[in-house]
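Report on the following structure.
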Amino acid sequence: MGHGYVTLVSADGFEFVVDEEAACVSKMIKSMMQSSGGFSERRDNKITFPEISGKILEKVCQYFYYKLQYTDSRDSVPEFKVPPELALELLMASNYLDC
Amino acid sequence: MGAVCSRNNRNNDNNNSDRPNRALRRPRPRTPAVKRVRDPSTSPEFLDSLLPPPDTLLACSVRCVAQSLEGWHERDEDEGDIENIDTDDEGDVSRVDLSVLPSDLSQRVFEDLVQTRRLTARVTGDFIGCHLTEANLRSYPGLTDDWLAVLATSAPNLSSINLSGCAALTPDGFNALAACVELESLDVSECPGVNDNALAAVASMSRLRRLACAGCDGITGAGLRYVSGATKLRCVNLERCNGLTNGLVYLSGLTELERLDAGWCNHVDSNDVTSLRSLKKLKHLNLARTKVDDQGVATIGSLSALETLNLAGCRITDGACFLLGGLTALKELSLEWCRVGDGGVRRLASLAKLEVLNLGYSSVTDEGVQHLAPLVKLREIDLDSCQVGDDACKALAEWPNLEDVNLSDTAVGNLGLKRISKLTRLRRVNLSYSNVSDDGVMYLENAASIRSLSLDTRMVTDEGLGYLAKLKDIEELDLFGARITDEGAKHLRHMPRLKTLELCGGGITDAGVKHIGDACRELTLLNLGQNFRISDAAVPFLLQLHKLGSLNLQYSRISNEGVTQLSQLSNLTTLALKGCNRVSQAAVEELRAKCPRLSEVGLDNATASA
Chain A
0 MGHGYVTLVS ADGFEFVVDE EAACVSKMIK SMMQSSGGFS ERRDNKITFP
50 EISGKILEKV CQYFYYKLQY TDSRDSVPEF KVPPELALEL LMASNYLDC
Chain B
0 MGAVCSRNNR NNDNNNSDRP NRALRRPRPR TPAVKRVRDP STSPEFLDSL
50 LPPPDTLLAC SVRCVAQSLE GWHERDEDEG DIENIDTDDE GDVSRVDLSV
100 LPSDLSQRVF EDLVQTRRLT ARVTGDFIGC HLTEANLRSY PGLTDDWLAV
150 LATSAPNLSS INLSGCAALT PDGFNALAAC VELESLDVSE CPGVNDNALA
200 AVASMSRLRR LACAGCDGIT GAGLRYVSGA TKLRCVNLER CNGLTNGLVY
250 LSGLTELERL DAGWCNHVDS NDVTSLRSLK KLKHLNLART KVDDQGVATI
300 GSLSALETLN LAGCRITDGA CFLLGGLTAL KELSLEWCRV GDGGVRRLAS
350 LAKLEVLNLG YSSVTDEGVQ HLAPLVKLRE IDLDSCQVGD DACKALAEWP
400 NLEDVNLSDT AVGNLGLKRI SKLTRLRRVN LSYSNVSDDG VMYLENAASI
450 RSLSLDTRMV TDEGLGYLAK LKDIEELDLF GARITDEGAK HLRHMPRLKT
500 LELCGGGITD AGVKHIGDAC RELTLLNLGQ NFRISDAAVP FLLQLHKLGS
550 LNLQYSRISN EGVTQLSQLS NLTTLALKGC NRVSQAAVEE LRAKCPRLSE
600 VGLDNATASA
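Residue numbers (numbering that gives the first Met the number 0), protein chains in the order written: chain A, 0 to 98; chain B, 0 to 609.
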């Protein structure tokens, strides 16, 4: 998997361009990227999530970078803050994305 | 100082030296702590410096949902409290509606609440419509009848509930569970509130497969009538139900039953056992320490599906063994503490599938054991305190799968050890108080499969320990009364994986502790009691043993200064300092303050508990 960017598209049409490495914090996205079955996602590096709203997907992307920064870190790990009003939707999204 | 090396010092109580108490003074070794899997190419020092990885987003979200549930109710409770009425718009945050979640996710939130002890009766009510399937509330603090009623109403689809150790529950609370008609597993062990009436709830649980009521003294037997309709039951645990009389009759219709545990039920007798005759699928039966005698074994002998049978401490004789000989599916049998001798034991030779046999404290002799030679599948044999010697070992040598051998307190000597040393799968060998000496230990030179070895006898010395250099993977070594000195302790450098070590023969000084500290970094238990020459100078070597959880330094010369330094052992939970007259109570208190995990310190005769 070469280094590049991937575009994540929310149900309401918002686009988030993130590092491939960050996106692969999600095991579900990772397996999509790695599968050589010629997914359309693989060709144009764009993945649409018809069940995840822009607000939630933004938070998910923040988490990807948080996870990258603090994995194998020697600094103390701050808590990843989840706004209570997003908690339920984020719970379902994280379950789907496996991260 | 005659008592210095006596085993009586090992525990603080049980000081009688009669035979029966030996068992009490020699507890089975603890299960080793879970091993952390490590990449061997990375140095432990580096990995230890890393912090745990960040939580998954799922875990963060679960935690947040759990917190907002709790917060919502707190705000609710604060209503009317003038200081807490804010003008901000937080009050508009709508109540968390868990029913939008898939049931596996609401289950996760529930489990997080339980683990973090945030679950309350009101939060439980929020799970209405969530289709929770499991509630493990074992020893949950403050769980009341009303709360349990909320659970039963909000989660009527539960398939498994564990309420063991919930002391505040009464029969009324348990009766609320009648609403959970889909229950397959119910555990109310160690609940003092369980009595015959509490079991009435079970009558509506037609899908119940597993019921555990261990340690519920309130069950008299009549209560089991409510269980009689639960015909899908596979597993019933009634262990230590001391009020149980004439109750097993209600189980006679449970023809699917595969496992019944009625061990230590003081009033269960042969008449009760007669009711089990119809349980043709029973595979596992525990009747240890009940009043069952030969007459009861007549019934048991007809349960041809039995694979494990525990009759330890029952009043059975050789005649019973004749009846057991027909149970050819048996894989595990315990006749520990039974009055059976050679005449009976020879009848067990027909149990060709037997893998585990416990004849400890029975009347069997060499002759009886030799009759068992055909049992080639045996993996474990316990002959603790039997009148057996080297001739019995001829039979043991015939069992190629033998892994676990207990010959403690027997007349087995060097010749016997030579005979069994040829076995290639030995893992646990107990030769405490046997007649084995250094010359016998020599035969274990190549027994590299051994993980646990007990050579607690005065006839083993430094020379014997020297023969064990090839036992590189050994994890437990008991040389309690062996005459090991600092010279012998040098040999421990060949045993880097030792987790437990006992050296209490009096010959270890500070120099010997250095050998231990340098070599055995995996130690979690170290017993150096009765080595009266160990002083504060040994403490720096002990501090190298970071994993140490249990340390015994009783009757040593350690002083206040040394004890204070032990606070650096961050995993220490128990410390024995009996007879250390240079240690003051104040020093112990200071140590306690620095070591939050330290739960037991034995000083003199008073064992203080935090």
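We put the CB at the ideal spot given by N, CA and C, even for glycine. It should be emphasised that the depicted structure is a prediction, and the values quoted were computed from it without experimental measurement.
query	result
Thinking C-alpha only, which one of B:Asp-260, B:Ala-536, B:Cys-392 and B:Phe-126 is nearest B:Ile-557?	B:Ala-536
Under 7 Å Cβ-Cβ, which residues of chain A neighbour B:Cys-63?	Val-81, Pro-83 and Ala-86
Leaving aside the five residues before and after B:Lys-593 along the sequence, list all residues of the same chain whose C-beta is less than 6 Å from its C-beta, in chain order.	Ser-566
Between B:Cys-59, B:Phe-321, B:Pro-170 and B:Val-428, which has its C-alpha nearest A:Pro-77's C-alpha?	B:Cys-59
Examine the Cβ distances between the stretch 485-499 of chain B and the stretch 432-448 of chain B and report whether three or more of them are shorter than 8 Å.	no
Which residues bound the alpha helix (DSSP H) around B:Thr-273?	269-273
Ordered along the chain, which non-local residues of its own chain (more than five positions away) have a Cβ less than 6 Å from that of B:Asp-38?	Residue confidence for B:Asp-38 is low, a pLDDT of 41 falling below 50, so the modelled location carries little weight and cannot support an answer.
Identify the contact partners of B:Val-99 in chain A, using a Cβ-Cβ distance below 7 Å as the criterion.	Leu-87
Does B:Leu-57 have its Cβ less than 8 Å from a Cβ in chain A?	yes
Compare the C-beta of A:Met-32 against all C-beta atoms of chain B and say whether one is closer than 8 Å.	no
Can you tell me which of A:Leu-89, A:Gly-3, A:Ser-72 and A:Leu-90 puts its alpha carbon nearest to the alpha carbon of A:Ala-21?	A:Gly-3
Tell me which same chain residues have a C-beta within less than 8 Å of the C-beta of B:Asp-268, skipping the five on either side of it?	Thr-289, Lys-290, Val-291, Asp-292 and Gly-295
Does the distance from the C-beta atom of A:Glu-19 to that of A:Thr-6 stay below 8 Å?	no
At the 8 Å Cβ level, is B:Ser-60 part of the contact set with chain A, yes or no?	yes
What are the uninterrupted segments assigned as alpha helix (DSSP H) that are 4 or more residues long and contained completely in the stretch 298-367 of chain B, given in chain order?	317-323 and 341-344
Would you verify that the beta carbon of A:Tyr-65 is, or is not, closer than 8 Å to some beta carbon of chain B?	yes
B:Ser-431 and B:Thr-456 look like a contact to me (Cβ under 8 Å); what is the Cβ gap, rounded to whole Å?	6 Å
Does the separation of the CB atoms of B:Arg-239 and B:Ala-213 fall below 8 Å?	yes
In this structure, does DSSP put A:Ile-46 in helix, strand or coil?	strand
Judging by CA-CA distance, which residue of B:Asp-260, B:Leu-210, B:Thr-460 and B:Leu-356 is the nearest neighbour of B:Lys-231?	B:Leu-210
Anyone know if the C-beta pair for B:Ala-410 and B:Ala-394 falls short of 8 Å?	no
Nearest-angstrom Cα distance between B:Leu-157 and A:Ala-92?	26 Å
So B:Val-435 packs on B:Val-459, CB below 8 Å; how close in whole Å?	7 Å
Could you tell me whether any Cβ in chain A is nearer than 8 Å to the Cβ of B:Val-113?	no
Between the beta-carbon of B:Ala-151 and the beta-carbon of B:Ala-178, is there less than 8 Å?	yes
Just verifying my parser: in three-state terms, what is the DSSP assignment at B:Tyr-554?	coil
Are the Cβ atoms of B:Leu-310 and B:Ser-274 separated by less than 8 Å?	no
Mind listing the chain B neighbours of A:Tyr-62? Cutoff is C-beta to C-beta under 8 Å, in chain order.	Leu-56 and Cys-59
For B:Asn-196, which of B:Leu-185, B:Val-226 and B:Ser-184 has the nearest alpha-carbon?	B:Val-226
Can you pull the chain A residues whose beta carbon is under 7 Å from the beta carbon of B:Ser-67, in chain order?	Pro-83 and Ala-86
Do B:Ala-328 and B:Glu-306 come within 8 Å of each other at the CB atom, strictly closer than that value?	yes
With a threshold of 8 Å between beta-carbons, can A:Cys-98 be considered close to chain B, or not?	yes
Please identify the residue among B:Leu-326, B:Leu-256, B:Met-204 and B:Leu-250 whose C-alpha is closest to the C-alpha of B:Arg-224.	B:Leu-250
CA-CA distance, B:Ala-481 and B:Asp-509?	18 Å
Give the straight-line distance between the Cα atoms of B:Thr-316 and B:Cys-337, rounded to the nearest whole angstrom.	7 Å
Which residues, in order along the stretch 49-60 of chain A, keep a beta-carbon less than 8 Å from a beta-carbon of chain B?	Val-59
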